[in-house]
């Protein structure tokens, strides 16, 4: 895999090390006890020549030239497993790993696959390289018609931030349409930005493109400020994380909920509509940016348990130890790179875990996940009958006429 | 060594193309513009040459919506000088006129090597490079995928059909039509482009009235029209033959 030669020397110097202290709680890098839990828990730590713990050791010993003498930092999928497990509460993901990617990116040392997604985000406001004008095309023909804010110009209760993959990816459009139906079923007054919505930018930020993140956030901020609404809701944990935790520092502050929180608050309205599809064994995969990063573990589970006939079973990695789908921190755009390094995917591991607990359905709550797990299921023996479904799809199925 | 890269913006095919009211061109209101892919490679090759040898890179582009961002991006990659040609470029312009305008500007700029994309998808009257070389009375080579500078000459690799590659030594000044840079065009971080916007300046040069002669006169521009569907004839040989005879009789060829 061609990673271009750095056009400028990558600056892993004392300046880089001290810049880590500027990150929230960054002073804690000094407190690292070298337990190597971060490197051990990292799903790709075993193949990094410089996993996080070792990187910290080298930085503190001022052996700067050895740090990032290779490209395996791009295997970091920003899943926060290292940050979660760290006994010293060091911000390993938002500090060390993200800053390292930023340095590499500024030096022009970016895997080609990732460049395309970043360029597309710059040009079109989405990493897929789709026409921004077609961002709301998924909603065409839906009844009742979905309110696009620029067309109707009226205040709404809820602004639905749809997100990139939810808008454009054919598999995720199924989830997106299901959420629209559920919003209608519980009588929510909502609207979407359509072409005025840009990528939330969070994964680009975690892939080291801070400037691009700010550009995208500013564009979204301008769009938000044009309309009246009481809160934002999104099906995308990355968008949720960006709007909740990152946008306020840029002066963009709005109350935001992930859809699992939003629907859970309205479960009493929804429950009478849920009929169930018979006995189904469902296991739930905690998305990193819902679970570990934002501590939302219970709402998705309670929604699943509200469906008659659903038996919820937990995989070995659950809640704060959930195993990343590999799509975070730029991983969504580094499939080839990851495969070349690892010759396996975290999704394959996860699908095997689902099978080992006898699940009929692997439930997810993030738009990165369904296509990634479905791809993995195709290659795992015995996984052909495993269904991968978003929580919202399962809720909708339980509302349909043939449910009982 | 002074290297000049010429780039132009072209319609971005990510959006559907619309025909204008006159029916002879694209509706510019609906267009999104993007750097011509081959010109992006020409800029990259210029920067690669600069990094390998002592060279200064000038990037020239005709005015278009969004061209400033493209020029600043070139500066963030390492171009020293940015020139925007201003004039009546609004409805697009043919390559004869653009080549004349660029040639005029280049007469006042010291340059040894001129790189441009070998083609663009909106070239209706030939590509820019050969026209430019003609007006400047200097050599041209196209389909170039590698350039080395050697004692004031350029040693180039030129691609031919069938996977053949020719190596030539070209006396400078010359115009090269770049098929592909030696490395894919690099990504520059948005923060670097934003810095370039603060530090670099775009020099604007008014080109005067454009001479469109030599370009095409378009009588009609239209979307591909769906042809009538083919009829599939099925059956055994006898049946097919007799059906064919019927059809031939019907259309009057038998």
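Residue numbers (the working numbering), protein chains in the order written: chain U, 1260 to 1663; chain G, 29 to 282. Ideal placement from N, C-alpha and C gives every residue a C-beta, glycine not left out.
Helix, strand or coil for residue 1293(U) per DSSP?
In the first chain, residue 1293(U) corresponds to position 34, counting from 1. Of the three classes helix, strand and coil, the one that applies to residue 1293(U) here is coil, per DSSP.
Between residue 62(G) and residue 145(G), how many whole angstroms is the CB-CB distance? I'm expecting something under 8 Å.
Here residue 62(G) refers to the residue found at position 34 of the second chain. Here residue 145(G) refers to the residue found at position 117 of the second chain. Incorrect: roughly 12 Å between the Cβ atoms, too far for contact.
Min CB distance residue 1339(U) to chain A below 8 Å
Among the protein chains of the structure shown, namely U and G, there is no chain A.
Mapping the DSSP letters down to three states, classify residue 1426(U) as helix, strand or coil.
Here residue 1426(U) is taken as the residue at index 167 of the first chain, counted from 1. Residue 1426(U): helix per DSSP, three-state reduction.
Short CB-CB distance (under 8 Å) between residue 217(G) and chain U:
What you label residue 217(G) is simply residue 189 of the second chain in a count that begins at 1. By this cut-off, residue 217(G) is an interface position.
Rounded to whole angstroms, how far is the Cβ of residue 75(G) from the Cβ of residue 107(G), which I believe are closer than 8 Å?
Residue mapping note: residue 75(G) aligns to position 47 of the second chain, counting from 1. Residue mapping note: residue 107(G) aligns to position 79 of the second chain, counting from 1. Yes, residue 75(G) and residue 107(G) are in contact; Cβ-Cβ is about 7 Å, under 8 Å.
Taking only the alpha-carbon atoms, compute the straight-line gap between residue 183(G) and residue 198(G) and give it to the nearest angstrom.
As a working note, residue 183(G) is residue 155 in the second chain. As a working note, residue 198(G) is residue 170 in the second chain. The alpha-carbon atoms of residue 183(G) and residue 198(G) are separated by roughly 6 Å.
For residue 1627(U), tell me which candidate among 1435(U), 1320(U), 1280(U) has the shortest Cα-Cα distance.
Within the first chain, the letter at position 368 stands for residue 1627(U). Selected option, being the one with the closest Cα: 1435(U).
Can you find a C-beta in chain U that's less than 8 Å from the C-beta of residue 43(G)?
One-based indexing of the second chain puts residue 43(G) at position 15. True, the Cβ-Cβ gap to chain U drops below 8 Å.
DSSP puts residue 1647(U) in a beta bridge; with which residues?
Taking the first residue of the first chain as position 1, residue 1647(U) is located at position 388. DSSP, once it has assigned bridges, lists 1621(U) as partnering residue 1647(U).
Determine the extent of the alpha helix (DSSP H) in which residue 218(G) is found, giving its start and end residues.
Taking the second chain and counting its residues from 1, the one referred to as residue 218(G) is at position 190. 218-227 is the span of the alpha helix (DSSP H), which, as asked, contains residue 218(G).
Name the DSSP beta bridge partners of residue 174(G), please?
Within the second chain, the letter at position 146 stands for residue 174(G). Paired residue(s): 185(G).
Look up residue 151(G) in the DSSP assignment and say whether it is helix, strand or coil.
In the second chain, the residue the question calls residue 151(G) occupies position 123. Reduced to three states, the DSSP call for residue 151(G) is coil.
For my contact list, residue 1466(U) and residue 1544(U) are in at a C-beta cut-off of 8 Å; report their separation, rounded to the angstrom.
Taking the first residue of the first chain as 1, we reach residue 1466(U) at position 207. Taking the first residue of the first chain as 1, we reach residue 1544(U) at position 285. That pair is no contact at about 22 Å.
Counting only beta-carbon separations shorter than 8 Å, does residue 220(G) have a partner in chain U?
Counting from one through the second chain, the residue named residue 220(G) turns up at place 192. It does: the Cβ of residue 220(G) has a partner Cβ on chain U nearer than 8 Å.
Let me know the secondary structure DSSP gives residue 1547(U) once reduced to three states.
Within the first chain, residue 1547(U) is the residue found at index 288, counting from 1. Correct three-state label for residue 1547(U): coil.
Contact criterion: CB-CB distance below 8 Å. Does residue 1394(U) meet it with respect to chain G?
Your numbering for residue 1394(U) matches position 135 in the first chain. Chain G contact via Cβ: absent.
Write down the C-beta distance between residue 66(G) and residue 148(G) rounded to the nearest angstrom, noting that I regard them as a contact closer than 8 Å.
To locate residue 66(G), count along the second chain from 1; it is residue 38. To locate residue 148(G), count along the second chain from 1; it is residue 120. That belief holds up - the Cβ atoms of residue 66(G) and residue 148(G) are roughly 7 Å apart, short of 8 Å.
Of all the residues that make up the stretch 1464-1477 of chain U, which are near chain G by a beta-carbon distance shorter than 7 Å?
1468, 1469, 1470, 1471, 1474
When we look at the beta-carbon of residue 1264(U) and count the other beta-carbons within 10 Å, is it buried (16 or more) or exposed?
The residue given as residue 1264(U) occupies position 5 in the first chain. With a pLDDT of only 41 at residue 1264(U), under the threshold of 50, the placement of this residue in the model should not be trusted, and no figure is reported.
Using the three-state DSSP reduction, which class does residue 257(G) fall into: helix, strand or coil?
In the second chain, the residue the question calls residue 257(G) occupies position 229. Note: residue 257(G) maps to coil in three-state DSSP.
On the criterion of 16 or more Cβ atoms from any shown chain inside 10 Å, does residue 1613(U) qualify as buried, or is it exposed?
Here the question's residue 1613(U) lines up with position 354 in the first chain. By the neighbour-count rule (16 or more Cβ atoms within 10 Å), residue 1613(U) is buried.
Terminal residues of the continuous alpha helix (DSSP H) containing residue 1288(U)?
Counting from one through the first chain, the residue named residue 1288(U) turns up at place 29. Segment: none, residue 1288(U) is in no alpha helix (DSSP H) and carries neither H nor E.
Give me the Cα-Cα distance between residue 1291(U) and residue 1320(U), rounded to the nearest whole angstrom.
Locating residue 1291(U) in the first chain gives position 32, counting from the first residue. Locating residue 1320(U) in the first chain gives position 61, counting from the first residue. Rounded to whole angstroms, residue 1291(U) to residue 1320(U) spans 12 Å at the Cα level.
Tell me which residues share the same chain as residue 173(G) and place their Cβ nearer than 6 Å to its Cβ, disregarding the 5 neighbours each side in the sequence.
Position 145 of the second chain holds residue 173(G). Here the set comprises 185, 187, 207, 208.
For residue 33(G) and residue 228(G), the rounded distance between their alpha carbons
As a working mapping, residue 228(G) is identified with position 200 in the second chain. As a working mapping, residue 33(G) is identified with position 5 in the second chain. Rounded to the nearest angstrom, the two C-alpha atoms are 17 Å apart.
Using beta-carbon positions only, say whether residue 1462(U) and residue 1367(U) come within less than 8 Å of one another.
Along the first chain, read from residue 1 onward, the residue named residue 1462(U) stands at position 203. Along the first chain, read from residue 1 onward, the residue named residue 1367(U) stands at position 108. Not a contact, by the Cβ cut-off of 8 Å.
For the 8 Å Cβ check, are there 3 or more pairs between the stretch 1417-1432 of chain U and the stretch 1488-1498 of chain U?
yes
When the distance is taken between beta carbons, is residue 1625(U) closer than 8 Å to residue 1559(U)?
On the first chain, residue 1559(U) is found 300 positions in, with the first residue counted as 1. On the first chain, residue 1625(U) is found 366 positions in, with the first residue counted as 1. No, they are not a contact pair.
Residue range of the alpha helix (DSSP H) that includes residue 1465(U):
For the purposes of this step, residue 1465(U) is taken as the residue at position 206 of the first chain. It spans 1461-1465 - the alpha helix (DSSP H) in which residue 1465(U) sits, taken as one unbroken run.
Considering residue 105(G), what are the terminal residues of the alpha helix (DSSP H) in which it resides?
Working through the second chain from its first residue, we reach residue 105(G) at position 77. Segment 95-105, the alpha helix (DSSP H) holding residue 105(G).
Selection from 1330(U), 1603(U), 1342(U), 1299(U) that minimises the alpha carbon distance to residue 1552(U)
Mapped onto the first chain, residue 1552(U) falls at position 293. Ranking 1330(U), 1603(U), 1342(U), 1299(U) by Cα distance to residue 1552(U) puts 1342(U) first.
Near-chain U residues of the stretch 191-218 of chain G - C-beta to any C-beta below 8 Å:
211, 212, 214, 215, 216, 217, 218
Let me see if you follow: with CB-CB separation under 8 Å, is residue 1378(U) close to chain G or not?
Locating residue 1378(U) in the first chain gives position 119, where the first residue counts as 1. By this cut-off, residue 1378(U) is an interface position.
Check whether chain G comes within 8 Å of residue 1481(U), counting only Cβ atoms and requiring the distance to be less than that.
Looking up residue 1481(U) in the first chain gives position 222. Residue 1481(U) does not count as touching chain G.
Would you mind sorting residue 1497(U) into buried or exposed? The rule is 16 or more other CB atoms within 10 Å of its CB.
As a position in the first chain, residue 1497(U) is number 238, starting the count at 1. Looking at its Cβ environment, which holds 16 or more other Cβ atoms inside 10 Å, residue 1497(U) is buried.
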